[in-house]
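**Q**
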Amino acid sequence: MLQELTDQVFNSQYTAALPRDDSFALLFEGDHIAMDQTANRFPRLDEIQGSRDSLVYLFSIGETVFFLADAPLPPGMRWVEMREVRFEAPREMAFAAATGQQLSLWYKRNRICGACGEKTQQSSMERMLFCPACGQLYYPAISPAVIVGVIHGDSLLLTRMKNRPAHHRALVAGYAEIGETLEETVRREVWEETGLRVQDITYYKSQPWGFSSSLLVGYYARLSGSDVINPQDEELDSAFWVPRGELDVSFDGISMTNEMIVRFAKHGSDGLLRPEMPPFMG
Ligand SMILES: [Zn+2]
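Everything in the sequence shown is counted per my numbering, starting at 398 for the first residue and increasing by one.
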């Protein structure tokens, strides 16, 4: 998956690191990021114009430090669409771009205190914004969402999103509502998108997904009851059962959805589902 960097450690802890000429500068323009012509790297700090006072420390990957910058597009660089970065750039660059975009949006959307309307300020100690007028604190917001691989015998439930290309296949997915456990989100999303019920909900892995400011939590689950698909909301995607032998998908090393489909295609439900544990009685 995108965050699985082979030989380098990602460190998101905030520090008061000083900018160096060879640090990377992340510049965003809408859904685009500044990269060199081959989309292989970001500008270095010594390549961008403007004061370094406005730089914001983001994170490090290995020895490489990344800062958020607000500057014109440097010479020799171009605005690259985030979607292109995800699929074309080296993995650590794509992960840095996604995570940097999430932080960039968070800083941008919290310039003003939502409680009293004053300008917020950045803490020098941690990743936090505070309001000097009313004392309100703002920490980065992460939206949890589930990805669900629903298994029925030797078939997997795939969905097609209405606003995506016709060949695009996905799993049931959706954001957790306030007040819900993630298992409840799994049951609700499967019900809303397909009218199906599930059991044996089993955690798989999670994936930070900066492109949508979310943390994806992957589950497999077994069908419970009828296998007739009947979406509960007309606006939702279509869904269909695909026998394991007909799952035509290759491993992309980027998204957890892809990994979950490929894993089922290769190994079936072996080891993916556990029986429901008896309730804990305390
Ligand atoms: Zn305030």
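Glycine is no exception: its CB is placed at the ideal position from the N, C-alpha and C atoms.
Can we count Glu-515 as close to ligand 1, meaning its CB is less than 6 Å from some heavy atom?
**A** yes
**Q** Could you please give the first and the last residue of the uninterrupted alpha helix (DSSP H) stretch that includes Arg-591?
**A** Checking the sequence, you will find Thr at residue 591 rather than Arg. Here the alpha helix (DSSP H) through Thr-591 covers 579 to 591.
**Q** Apart from the five residues on each side of it in sequence, which residues of its chain come closer than 8 Å, Cβ to Cβ, to Asp-418?
**A** Contacts found: Arg-441, Leu-442 and Asp-443.
**Q** Name the two residues that bound the continuous beta strand (DSSP E) containing Val-639.
**A** Going by DSSP, Val-639 is part of the beta strand (DSSP E) stretching over 635 to 640.
**Q** Among the candidates Ala-466, Ala-436, Val-453 and Thr-435, whose CA atom is the shortest distance from the CA of Gly-447?
**A** Ala-466
**Q** So if DSSP puts Pro-605 in a beta bridge, which residue, or which two residues, is it bridged to?
**A** Partner(s): Leu-612.
**Q** From this set, Leu-644, Trp-588, Ala-530 and Tyr-600, which residue's C-alpha is nearest His-565's C-alpha?
**A** Leu-644
**Q** Between which two residues does the alpha helix (DSSP H) carrying Ile-658 extend?
**A** 653 to 664
**Q** Name the DSSP beta bridge partners of Asp-419, please?
**A** In the DSSP assignment, Asp-419 forms no beta bridge with any residue.
**Q** With Glu-444 as the anchor, note down where its beta strand (DSSP E) starts and where it stops.
**A** First-last for Glu-444: undefined, no H or E at that position.
**Q** Decide if Leu-415 is buried, meaning its Cβ has at least 16 other Cβ atoms within 10 Å, or exposed.
**A** exposed
**Q** Could you check where the beta strand (DSSP E) with Phe-463 kicks off and where it finishes?
**A** Unbroken beta strand (DSSP E) run through Phe-463: 461 to 465.
**Q** Quick one, which of His-549, Ile-626 and Gly-622 has its alpha-carbon nearest Phe-661's?
**A** Phe-661 has its Cα closest to that of His-549, out of His-549, Ile-626 and Gly-622.
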